[in-house]
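Those letters in the sequence shown? Residues 983 to 1095, per the working numbering, in order.
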Amino acid sequence: MPRVNVPVTSITRTGVAPATEVNGDATNNHSLDNNGSTWIEVRNSGSTVARTMSAVYANTVDGQTVPAKTYSIPTSSTRRIGPFPVRLFGTLLLIDVDNAELKLTAYTLPATT
């Protein structure tokens, strides 16, 4: 199955309501649009163990896959992670989670002139 999309909410000067959480899918994992100003809010809804989220690098180095950047989310805690530079993570950011107890939302800043 394809990765589960995490919608990206654009922050505005007038403010936005919190985005709807996407339940972690440890089988199919996740993807989201990335413009280099995107960040993810990850909430561990569990109360027993820390959970792990990983951001997959888009590129290889000398033909070798680079291990994903891994983040530990403590029990009953929320972490805001990012931004994810396009040159490292690509315009389609791939996110892996280890458990459905992780709840994901994504935000981005619009381009400014």
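In this text, a Cβ means the ideal position worked out from N, Cα and C, and glycines have one as well.
My understanding is that Val1079 touches Asn1016, with C-beta atoms under 8 Å, so please give their C-beta distance in whole angstroms. The count along the sequence shown starts at 1 and reaches residue 1079 at position 97. The count along the sequence shown starts at 1 and reaches residue 1016 at position 34. The Cβ separation is near 17 Å, so there is no contact.
Which same chain residues end up closer than 8 Å to Ser1027 when comparing Cβ atoms and leaving out the 5 residues on each side of it in sequence? Start at 1 with the first residue of the sequence shown, and residue 1027 comes out as number 45. Cβ neighbours of Ser1027 beyond the five flanking positions: Ser1058, Glu1083, Leu1084 and Lys1085.
Can you give me the start and stop residues for the alpha helix (DSSP H) that Arg1069 sits inside? As a first step, residue 1069 must be located in the sequence shown, where it is residue number 87. Taken as a continuous stretch (DSSP letters only), the alpha helix (DSSP H) holding Arg1069 covers Val1068 to Phe1071.
Return the residue from the list Asn1041, Thr1087 and Gly1018 that minimises the CA-CA distance to Ala999. For the purposes of this step, residue 999 is taken as residue 17 along the sequence shown, with counting starting at 1. Comparing Cα-Cα distances from Ala999 to each of Asn1041, Thr1087 and Gly1018, the minimum goes to Thr1087.
Below 8 Å, can you find three or more Cβ-Cβ pairs linking the segment 1024-1042 to the segment 1060-1078? yes
In whole angstroms, what is the alpha-carbon distance linking Val1024 and Asp1007? For this step, residue 1024 is matched to residue 42 along the sequence shown. For this step, residue 1007 is matched to residue 25 along the sequence shown. Straight-line Cα distance between these residues: approximately 13 Å.
My guess is that Tyr1089 and Val988 are in contact by the Cβ rule of under 8 Å, so how many angstroms apart are they, rounded? Locating residue 1089 in the sequence shown gives position 107, counting from the first residue. Locating residue 988 in the sequence shown gives position 6, counting from the first residue. The Cβ separation is near 10 Å, so there is no contact.
For Pro1092 and Leu954, the rounded distance between their alpha carbons: No statement about residue 954 is possible, as the shown extent of the chain runs from 983 to 1095 and does not include it.
Spatial neighbours of Pro1004 in its chain, beta-carbon cut-off 6 Å, leaving aside the 5 residues before and after: Residue 1004 sits at position 22 when you count from the first residue of the sequence shown. The sequence given here has Val at residue 1004, not Pro. So the list reads Val988 and Leu1086, once near-sequence residues are dropped.
When DSSP labels each residue in this structure, what does Ile1063 get in the three-state scheme? Here residue 1063 is taken as the residue at index 81 of the sequence shown, counted from 1. The answer is strand: DSSP assigns Ile1063 an E or B state.
Just verifying my parser: in three-state terms, what is the DSSP assignment at Met983? Residue numbering aside, residue 983 sits at position 1 when the sequence shown is read from its first letter. Coil at Met983, not helix or strand.
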